[in-house]
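A short write-up of the structure that comes next.
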Amino acid sequence: MLSKRALRVAIATAAATTTLFLSGCSQEQLSSAILMPLPASSSDVTNHTDRVTDLWNISWAVLWAVGAIAWGLMFWAIVVYRRRKGDTHLPAQMRYNNPIEILFTVVPLILVIGFFAFTARDMKVIETPNNPEVTVQVIGKQWSWDFNYTNENVYDSGIQSQYITGNDGKKAGLPTLYLPVNKRVELVLNSRDVDHSFWVVEFLYKKDALPGKTNHEYFTPTKIGDYNGKCAELCGEFHSMMLFNVKVVSQSDYDQHIAALKAAGQVGQLSLDASRNQNLPGVAAPAENEG
Ligand SMILES: [Cu+2]
Numbered sequence: 137m138l139s140k141r142a143l144r145v146a147i148a149t150a151a152a153t154t155t156l157f158l159s160g161c162s163q164e165q166l167s168s169a170i171l172m173p174l175p176a177s178s179s180d181v182t183n184h185t186d187r188v189t190d191l192w193n194i195s196w197a198v199l200w201a202v203g204a205i206a207w208g209l210m211f212w213a214i215v216v217y218r219r220r221k222g223d224t225h226l227p228a229q230m231r232y233n234n235p236i237e238i239l240f241t242v243v244p245l246i247l248v249i250g251f252f253a254f255t256a257r258d259m260k261v262i263e264t265p266n267n268p269e270v271t272v273q274v275i276g277k278q279w280s281w282d283f284n285y286t287n288e289n290v291y292d293s294g295i296q297s298q299y300i301t302g303n304d305g306k307k308a309g310l311p312t313l314y315l316p317v318n319k320r321v322e323l324v325l326n327s328r329d330v331d332h333s334f335w336v337v338e339f340l341y342k343k344d345a346l347p348g349k350t351n352h353e354y355f356t357p358t359k360i361g362d363y364n365g366k367c368a369e370l371c372g373e374f375h376s377m378m379l380f381n382v383k384v385v386s387q388s389d390y391d392q393h394i395a396a397l398k399a400a401g402q403v404g405q406l407s408l409d410a411s412r413n414q415n416l417p418g419v420a421a422p423a424e425n426e427g
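Position one of the sequence shown corresponds to residue 137 (our numbering), numbered consecutively onward.
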């Protein structure tokens with residue numbers, strides 16, 4: 137038996153912790169804290185978000201089960217094999233227990249192979265080219281984004297580090313990527329200077345935008361709405377201001393936006409020739425200027 141004093145301390149600590157924890161939480165936050173589900177706002181936002189959410193939630197469920205078993209065994213051992221009154225010697229010290237050693241090797245191996253297999257299955261679907269109906273080249277730059285609407289031959293350019301909160305509390309002055317709903321989209325990702333990472337929070341996917349390399353991202357936005365974009369790779373002083381908006385809109389609203397860009401004279405494509413680094417591996421050096 138635990139001594140009465142130890143028991144009292146344990147109960148008081150548990151009660152205080154639980155009270156503190158519960159008092160600051162809504163029901164939703166509580167289940168979030170325990171199960172770590174991805175936000176419901178990502179449900180059905182692209183053709184991939186439900187798949188990503190499932191992978192995440194099932195992984196957490198498995199990890200919690202492993203945790204519960206491991207913690208359970210640990211506390212059981214602490215309590216059952218604690219030092220008792222009158223114990224004067226160490227208990228028998230054992231070096232090996234082969235069944236336990238095998239268990240500790242095989243179970244994690246099965247878990248790692250399982251996580252790998254399910255991740256590989258989902259990555260294969262997400263990373264497969266989708267015969268795009270809309271292609272946009274996204275160019276990261278310190279510290280904003282350029283968008284080339286390839287099919288329509290128009291562009292939009294973000295001004296560096298704009299962050300104005302409007303009266304409605306929304307961020308204004310940020311570059312906005314427009315995408316038509318329910319169309320297969322391909323993003324072509326490049327960078328003008330250093331490593332960036334293109335992340336639309338609700339899309340549950342990030343991809344690096346790197347100088348000297350072209351990456352691709354494939355998805356179909358399935359829900360009209362406004363989404364938040366960020367750079368997810370620490371890329372310099374104003375990395376945190378490298379924000380953008382994504383608007384998933386109807387085809388007619390999309391056409392309207394493209395027409396507005398055209399009317400503003402933003403016709404053509406912003407070239408990577410304007411990038412800072414022109415001496416990247418695989419890029420031919422400009423011809424020497426003779427004379
Ligand atoms: Cu960045």
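Glycine included, every Cβ here is placed at the ideal spot set by N, Cα and C.
Would a C-beta distance cut-off of 8 Å place E263 and R320 closer than the cut-off?
no
Helix, strand or coil at A206 [DSSP, three-state]
helix
Pull every residue with its beta-carbon under 5 Å away from any heavy atom of ligand 1, and keep them in chain order.
H332, C367, C371, M378
With P316 and V181 assumed to form a contact (beta carbons below 8 Å), what rounded beta-carbon distance in angstroms separates them?
The pair is not a contact, with the Cβ atoms about 14 Å apart (cut-off 8 Å).
Can you list, in chain order, the residues of its chain whose CB lies under 8 Å from that of V385, leaving out five sequence neighbours each side?
Y314, L315, P316, V317, I360, H393
Using alpha carbons as the reference points, say which of K349, A399, Q387, N364 lies closest to L408.
K349
Please state whether the Cβ-Cβ distance between K398 and T312 is less than 8 Å.
no
Tell me whether P235 sits in a helix, a strand or coil according to DSSP, three-state version.
helix
Tell me, which residues are paired with T182 by DSSP?
P357
I'd like the span of the alpha helix (DSSP H) that includes Y217, first residue to last.
From DSSP, Y217 is part of no alpha helix (DSSP H); its letter is neither H nor E.
Taking 8 Å as the threshold (C-beta atoms), are L325 and F334 in contact?
yes
Which partner residues of E326 appear in the DSSP bridge assignment?
The sequence shown places Asn at residue 326, rather than the Glu named in the question. DSSP output for N326 lists I275 as bridge partner(s).
Does the region 206-223 touch the region 361-375, meaning 3 or more C-beta pairs lie closer than 8 Å?
no
Between which two residues does the alpha helix (DSSP H) carrying L397 extend?
387-399
Who pairs with F334 in a beta bridge, going by DSSP?
K343, C367
With which residues is N284 paired in a DSSP beta bridge?
Q273, Y291
By the 10 Å Cβ neighbour count, where 16 or more other Cβ atoms means buried, how is G427 classified, buried or exposed?
Confidence is the limiting factor: at G427 the pLDDT is only 46, short of 50, which leaves the residue's position unreliable, though a coordinate-based value still follows. Label assigned to G427: exposed.
Check whether the Cβ atoms of W281 and F355 sit closer than 8 Å, and answer yes or no.
no
Measuring straight from C-alpha to C-alpha, what distance separates N289 and Q402?
9 Å
Pull up the distance between the alpha-carbon of M137 and that of L209, whole angstroms please.
Per-residue confidence for M137 stands at a pLDDT of 48, beneath the threshold of 50, marking its modelled position as unreliable; the derived number appears in the next sentence. So the alpha carbons of these two residues sit roughly 18 Å apart.
What are the partner residues of L315, as DSSP defines its beta bridges?
V384
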